[in-house]
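Let me begin by presenting the structure, written as structure tokens, before commenting on it.
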Amino acid sequence: EVTPHSKDDGPFVFGTIARDEKIETPDFMAVICRIMKACPQAEYHFTGRVEPAGVRKAFEDAGISPRCKYIGWVEPRSHVAQFDAFLETFPLGGV
Numbered sequence: 324e325v326t327p328h329s330k331d332d333g334p335f336v337f338g339t340i341a342r343d344e345k346i347e348t349p350d351f352m353a354v355i356c357r358i359m360k361a362c363p364q365a366e367y368h369f370t371g372r373v374e375p376a377g378v379r380k381a382f383e384d385a386g387i388s389p390r391c392k393y394i395g396w397v398e399p400r401s402h403v404a405q406f407d408a409f410l411e412t413f414p415l416g417g418v
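Numbering (this note's numbering), first residue to last: 324 to 418.
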């Protein structure tokens with residue numbers, strides 16, 4: 324059963340669970356920035372062993388950094404359920 328997201332549920336959360344080198348792929352970062360600009364009330368949560376400086380810089384350059392949260396290296400099952408939409412990395416997917 325799918326439950327619609329309500330603004331009362333808090334911000335819509337996009338999320339990615341992947342290694343940092345997959346998240347920092349330039350094409351993937353460009354798409355994330357486009358999505359977040361198109362959804363100004365949304366948040367983006369992402370994982371990795373470390374937060375790559377280039378990822379944060381891309382978010383800052385796009386003006387979306389305050390809505391992008393690095394959540395560290397996490398157990399995937401417990402965190403993916405917290406996302407409203409899972410965004411898979413490309414061209415290096417794998418979840």
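Ideal placement from N, C-alpha and C gives every residue a C-beta, glycine not left out. Being a predicted model, the structure only gives us computed values, none of them experimental.
Residues bridged to residue i (per DSSP)
i, result
"CYS391", "TYR367"
"THR412", "Looking at the DSSP assignment, THR412 forms no beta bridge with any residue, so it has no partner."
"THR339", "PHE369"
Of the listed residues the options, nearest to residue i (C-alpha basis)
i, options, result
"ILE346", "PHE382, VAL336, ALA361", "PHE382"
"SER388", "GLU374, PRO414, TRP396, ALA404", "GLU374"
Presumed contact (8 Å Cβ cut-off) between residue i and residue j, rounded CB distance
i, j, result
"ARG390", "ALA408", "So it is not a contact: roughly 14 Å between Cβ atoms."
Residue i at chain C interface by Cβ criterion, 8 Å
i, result
"ALA404", "Within the model displayed, chain C is absent; a lone protein chain is all it includes."
Burial state of residue i (16 or more Cβ within 10 Å)
i, result
"ALA341", "buried"
"GLY386", "exposed"
"GLU411", "exposed"
"GLY377", "exposed"
Beta-carbon proximity of residue i to residue j, cut-off 8 Å
i, j, result
"PHE413", "ASP350", "yes"
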